[in-house]
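Q: Sharing a structure below in structure tokens format, with a few things to ask.
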Amino acid sequence: MAATQFIEVDGRRIAYHRHEGQGPWIVFCGGLKSDMEGTKAVHLEDWAKARGRAFLRFDYSGHGESEGAFDAGCIGDWHRDTLAVLERLTEGPVVIVGSSMGGWQALLAARAMPGRIAGMVTIAAAPDFTEEGWWAGFDAAQRAEMERTGRVELPSDYMEPYIVTKRMIEDGRDHLVLRAPLALDFPVRFLQGTADTAVTVETAVRLLDHAEGADMRLLLVKGADHRFSDETCLGLIEAALEEVLAAC
1 MAATQFIEVD
11 GRRIAYHRHE
21 GQGPWIVFCG
31 GLKSDMEGTK
41 AVHLEDWAKA
51 RGRAFLRFDY
61 SGHGESEGAF
71 DAGCIGDWHR
81 DTLAVLERLT
91 EGPVVIVGSS
101 MGGWQALLAA
111 RAMPGRIAGM
121 VTIAAAPDFT
131 EEGWWAGFDA
141 AQRAEMERTG
151 RVELPSDYME
161 PYIVTKRMIE
171 DGRDHLVLRA
181 PLALDFPVRF
191 LQGTADTAVT
201 VETAVRLLDH
211 AEGADMRLLL
221 VKGADHRFSD
231 ETCLGLIEAA
241 LEEVLAAC
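Here UniProt numbering is used: the first residue of the sequence shown is 1, the next is one more, and so on.
Encoded structure:
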């Protein structure tokens with residue numbers, strides 16, 4: 001496997017793997033506290049290489065091999081990381097694949113650089129989760145703890161507990177995508193499992209209803225969970241990506 005490479009963003013080294021090939025570039029944006037060595041990221045890289053396609057995967061600051069502490073980061077920091085790798089490590093049109101929080105990052109990238117994004121696939125996209133999920137779900141004691149200590153610890157079904165900081169909540173409000181027009185003027189495929197306990201089917205339907213675009217579809221997969229990474233689900237991601245690439 002090729003050695004990890006790095007670029008500097010806001011004074012932190014951001015880790016990535018980049019494989020040149022036929023465009024448009026396929027860029028994978030991982031989920032919260034995930035990294036570029038995850039099943040979906042590595043599988044799609046192998047898929048792209050086998051077809052001679054350009055592919056990029058990377059770690060946000062505070063994730064994987066990139067510098068920084070996770071609980072010092074926020075959506076805006078990871079948005080700047082995403083834009084930096086798109087601007088500096090790819091050329092021409094991009095098909096962006098976003099998993100969970102990476103789906104929010106994909107939507108933010110489409111809003112920030114609409115001329116570059118040629119297509120999108122999301123997997124259990126989690127737009128606005130800091131506000132609609134975390135903050136909205138806090139009880140009075142948790143909100144008081146946030147004000148008192150600047151942080152709250154939340155359990156996770158998939159990994160160690162999340163440390164949610166006041167900065168994450170406040171910064172998230174500056175990056176909401178479901179409360180203003182969201183134009184996705186390119187082929188889009190949203191994938192969502194019905195057994196996902198982190199992102200609800202209702203969230204996926206709300207995103208589909210809210211976004212504006214002529215070629216947009218939502219695929220619900222009965223019984224699939226948030227990981228969406230078994231053999232069947234990986235095949236569905238491939239098929240969605242093939243559809244988007246063919247329509248670009």
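Backbone N, C-alpha and C define an ideal beta-carbon position, used for all residues, glycine too.
Have a look at R148, G235, M168 and C248 and flag the residue whose alpha-carbon is nearest the alpha-carbon of T39.
A: G235
Q: Judging by CA-CA distance, which residue of D128, L154 and L220 is the nearest neighbour of D139?
A: Nearest of D128, L154 and L220 to D139, Cα basis: L154.
Q: Output needed for A54: all residues of its chain with C-beta closer than 6 Å, excluding positions within five of it in sequence on either side, in chain order.
A: Exclusion of the five residues before and after A54 leaves E20, G21, G23 and W25 as the residues of its chain whose Cβ lies within less than 6 Å of its Cβ.
Q: If you drop the 5 nearest sequence neighbours on each side, which residues of the same chain put their C-beta closer than 7 Å to that of G62?
A: G68, A69, F70, A72 and G73
Q: Is the segment 82-102 in contact with the segment 118-132, if contact means three or more CB pairs nearer than 8 Å?
A: Three or more Cβ pairs drawn from the segment 82-102 and the segment 118-132 lie within less than 8 Å of each other, which places the two stretches in contact.
Q: Counting C-beta neighbours from all protein chains within 10 Å, is the total for G172 16 or more, i.e. buried, or is it exposed?
A: buried
Q: Output the residue ranges of the beta strand (DSSP E) runs that lie fully inside the segment 83-120 and measure 3 residues or longer, sorted by chain position.
A: Counting only runs of 3 or more, we get 94-99.
Q: Where DSSP assigns a beta bridge to V188, which residues make up the other side?
A: M120 and M216
Q: Ignore the nearest five residues each way along the sequence and tell me which others in E132's own chain have a CB closer than 8 Å to its CB.
A: L178 and T203
Q: Going by DSSP, what residue range makes up the beta strand (DSSP E) through V9?
A: From DSSP, the beta strand (DSSP E) with V9 extends over Q5 to V9.
Q: Give me the residue from T130, A195, G193 and A183 with the minimum Cα distance to D209.
A: A183
Q: Smallest Cα separation from V9: which of F28, A136 and D77?
A: D77
Q: Have a look at R12 and S66 and give me their C-alpha separation to the nearest angstrom.
A: 8 Å
Q: Where do the N-terminal and C-terminal ends of the beta strand (DSSP E) with A54 fall, by residue?
A: Counting along the chain, the beta strand (DSSP E) containing A54 begins and ends at R53 to F58.
Q: Pick from G92, Q105 and F58: whose alpha carbon is nearest that of I75?
A: Q105
Q: Report the option in L207, T165 and P127 whose CA atom is closest to the CA atom of G150.
A: T165
Q: Let me check you understand the geometry: is the CB of L178 closer than 7 Å to at least one non-hydrogen atom of the ligand SAM?
A: In the structure on display, the ligand SAM does not appear, and there are no ligands present to speak of.
Q: So what does DSSP say about C29, is it helix, strand or coil?
A: strand
Q: Give the DSSP-derived three-state secondary structure of R173 in the structure shown.
A: helix
Q: Which class does G21 belong to by DSSP, given the choice of helix, strand or coil?
A: Coil, per DSSP.
Q: The alpha helix (DSSP H) that contains R148, what's its start and end?
A: A140 to T149
Q: How many angstroms separate the CA atom of D196 from the CA atom of C248?
A: Taken atom to atom, the span from the alpha-carbon of D196 to that of C248 is near 30 Å.
Q: Could you pull the start and end residues of the alpha helix (DSSP H) that T197 belongs to?
A: Segment: none, T197 is in no alpha helix (DSSP H) and carries neither H nor E.
Q: Check this for me: beta carbons of T194 and M168, under 8 Å apart or not?
A: no
Q: Would DSSP call E160 helix, strand or coil?
A: coil
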